[in-house]
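Report on the following structure.
Structure (structure tokens):
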């Protein structure tokens with residue numbers, strides 16, 4: 001299903017997006033050496049429920065997972081890149097963490113992710129990889145406009161990632177979003193420009209470049225959820241929800257202040 005939202009829906013989505021961004025920023029700022037992943041999940045739960053919102057993850061049970069997910073935020077560490085299931089692990093100096101969060105507020109969903117390094121030990125290669133996913137996300141957002149096509153977004157992402165020397169996995173990528181978290185169209189992290197669904201005002205997309213340092217192959221943990229690099233290499237993930245407007249594109253998942 002491809003859902004086209006009206007202006008009131010998009011305005012509500014901005015409030016959802018601000019909540020998602022505020023929770024992610026708070027969790028990132030509070031996460032230090034010694035923080036347990038289960039504490040991050042607890043913080044997310046408290047902030048989501050305290051805002052009167054609903055988690056998109058707790059009851060999430062897609063065909064590719066071993067559902068339901070049962071937690072409020074994805075916490076992926078080091079070689080984990082997607083769907084990281086929170087568990088009893090204390091963050092160490094130099095850990096590369098990706099947090100991914102989606103919630104519904106007032107009937108509209110928003111989805112975002114960010115990556116960061118914990119503690120004073122900051123490997124330049126990790127920082128460069130994170131920055132590359134952020135640049136790919138910015139390029140994708142610049143390519144999203146009324147009349148453009150999904151392939152234009154995918155091509156923008158893939159160009160940045162590949163020019164930086166990373167391989168691109170096409171199994172998981174961005175997606176449509178609206179009253180539910182995962183909708184059509186799929187937004188691959190590489191593609192051919194001028195191809196695919198034509199963007200229309202009212203369409204919302206979650207755009208999410210992610211990479212692994214030296215491979216494009218994923219493996220799944222025994223928990224049935226956490227996706228890791230097949231080589232044990234480090235990973236990074238950046239994501240925003242955006243809305244296509246009459247005039248261009250609006251980033252939905254921006255902090256409230």
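Residue numbers (full-length UniProt numbering): 1 to 257. Ideal Cβ positions, reconstructed from N, Cα and C, are used throughout, including at glycine. Note that the structure is predicted; figures quoted are calculated from it, not measured.
- Nearest to residue 60 by C-alpha distance, out of 89, 127, 216 and 101, is 101.
- Distance between residue 34 and residue 187, taken at the CA atoms: about 36 Å.
- Each residue's CA atom was taken as its position, placing residue 230 and residue 88 some 22 Å apart.
- Here residue 27 is buried, its C-beta having at least 16 other C-beta atoms within 10 Å.
- By the C-beta density criterion, residue 161 is buried, having at least 16 other C-beta atoms within 10 angstroms.
- Judged by DSSP in its simplified three-state form, residue 228 adopts strand.
- The stretch 147-167 makes contact with the stretch 123-137, as at least three CB pairs between them are under 8 Å.
- Residue range 7-30 is occupied by the alpha helix (DSSP H) that includes residue 19.
- Residue 252 carries a coil assignment under DSSP once its states are collapsed to helix, strand and coil.
- Taking C-beta separations shorter than 6 Å and ignoring five residues to either side along the sequence, the partners of residue 152 in its chain run 143 and 193, following chain order.
- Each of 210, 64 and 105 was checked against the Cα of residue 50, and the nearest Cα belongs to 105.
- When only Cα atoms are considered, residue 247 and residue 200 end up about 11 Å apart.
- Residue 211 is positioned such that its CB atom lies no closer than 9 Å to that of residue 171.
- Closest by C-alpha distance to residue 207, out of 154, 221 and 234, is 154.
- Residue 235 is classed as buried because its beta carbon has at least 16 other beta carbons within 10 Å across all chains shown.
- Residue 54 is bridged by DSSP to 104.
- For the options 5, 112 and 243, the alpha carbon positioned closest to that of residue 56 is the one of 112.
- DSSP places residue 138 in the helix class (H, G or I) of the three-state scheme.
- Between the C-alpha atoms of residue 249 and residue 119 there is a straight-line separation of about 35 Å.
- For residue 158, no beta strand (DSSP E) run applies; the uninterrupted alpha helix (DSSP H) run containing it begins and ends at 150-163, by DSSP.
- Taking every protein chain shown into account, the CB of residue 31 has 16 or more other CB atoms within 10 angstroms, so this residue is buried.
- Excluding the 5 residues flanking it on each side, residue 54 has same chain C-beta neighbours closer than 6 Å at 104, in chain order.
- Given a length threshold of 4 residues, each whole run of the alpha helix (DSSP H) inside the stretch 34-81 is given here in chain order: 37-50.
- Assigned with DSSP and collapsed to three states, residue 109 falls in strand.
- Between residue 219 and residue 141, the C-beta spacing is not below 9 Å.
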